[in-house]
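Written below as structure tokens is the structure these notes are about.
Protein chains: 2
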Amino acid sequence: MEIFRPEDVTAEQPENMPGVKIRWVIDKKRGAENFAMRVFEVEPGAATPLHDHWYEQEMYILEGRGLMVGTQGEHPVEPGHVLWVAPYERHQIKNTGKGTLKFICCVPQKKP
Amino acid sequence: MEIFRPEDVTAEQPENMPGVKIRWVIDKKRGAENFAMRVFEVEPGAATPLHDHWYEQEMYILEGRGLMVGTQGEHPVEPGHVLWVAPYERHQIKNTGKGTLKFICCVPQKKP
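Those protein sequence lines, which keep their order, are chains A and B. Every letter in the first sequence is one number past the one before it in our numbering, and letter 14, counting from 1, is 14. Each number in our numbering corresponds to the 1-based position in the second sequence with 112 added.
Shown next, in the form of structure tokens:
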């Protein structure tokens, strides 16, 4: 059993995502073989790229305001929202608020 | 893509967990084949049973105050805490606060 805060885990700052920090809070390094929990922090005005991938995402908005972009347009998101993104579904999340947009994003660790 | 709130999903009230509600917010019904996201609500004074199982848990505390019980004793938990429970590790969570203890708990959907 391990109990800690996202801030205890070093943030990655991917080159293709300016203004976005990702903390892999639970992953294989901790013994999690099946799926990982990440915590994202997106600065005001920043966004993830519009992209897709083989894996699904299970997300929960913790703080801030934003827009989730999909093939059907843009959808406002706020704390307490659960987001399901299916495998290969195109998506992007934008921070449209004044503070950090913070969310949990869980993904599988291996292709089935 | 689906965006909703935990409250939009019907809560289960397991017989062996009085005072505990579980909402399977993302699972196979939504197309998630690999792992599920659940949201738990534990009433003040209530607890999950002390138990273990083959699967790991990846948890995030959203609201309330509680104690996570493990083989090494009791650990206070509060909003913003990430909890990792390894496969077959004995655990229990108790609400020791005055309000609902609410947390995310993700688990795999199939035995590897």
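We treat Cβ as the ideally placed atom computed from N, Cα and C, and that holds for glycine.
Inset, instruction - Use the C-beta contact count for B/P161: other C-beta atoms within 10 angstroms, 16 or more gives buried, fewer gives exposed. - result: exposed
Inset, instruction - Confirm, please, whether the CB-CB distance from B/M171 to B/C217 is below 8 Å. - result: yes
Legend entry - Burial state of A/W24 (16 or more Cβ within 10 Å): buried
Legend entry - Helix, strand or coil at A/R90 according to DSSP, with G and I counted as helix: coil
Inset, instruction - Determine whether the Cβ of B/N146 lies closer than 8 Å to any Cβ atom of chain A. - result: yes
Legend entry - Member of A/T10, A/E2, A/Q13, A/I22 whose CA lies at the smallest distance from the CA of A/R30: A/E2
Inset, instruction - Return helix, strand or coil for A/E15, following the three-state DSSP convention. - result: coil
Inset, instruction - Determine the extent of the beta strand (DSSP E) in which A/M68 is found, giving its start and end residues. - result: 66-70
Inset, instruction - Between the Cα of B/V151 and those of B/A158, B/P130, B/E145, B/D139, spot the shortest distance and give me the residue it belongs to. - result: B/D139
Inset, instruction - Please list the residues of the stretch 150-179 of chain B that have a C-beta atom closer than 7 Å to any C-beta atom in chain A, keeping them in chain order. - result: E168, E170, Y172
Legend entry - Host beta strand (DSSP E) of A/P76 (start-end): 73-77
Inset, instruction - Please state if the CB of B/T212 and the CB of B/E155 are separated by a distance shorter than 8 Å. - result: yes
Inset, instruction - Determine the closest residue to B/I224 out of B/M129, B/M149, B/I205, B/Y167, with distance taken between C-alpha atoms. - result: The amino acid at residue 224 of chain B is misidentified as Ile; the sequence shows Pro. That would be B/Y167, whose Cα lies nearest to the Cα of B/P224.
Inset, instruction - For A/G66, count neighbouring C-beta atoms within 10 Å of its own C-beta (all shown protein chains included) and say buried if the count is 16 or more, exposed if not. - result: buried
Inset, instruction - Could you check what DSSP says for A/K29 in three-state terms: helix, strand or coil? - result: helix
Inset, instruction - Using a Cβ-Cβ cut-off of 8 Å, state whether B/E127 counts as contacting chain A. - result: no
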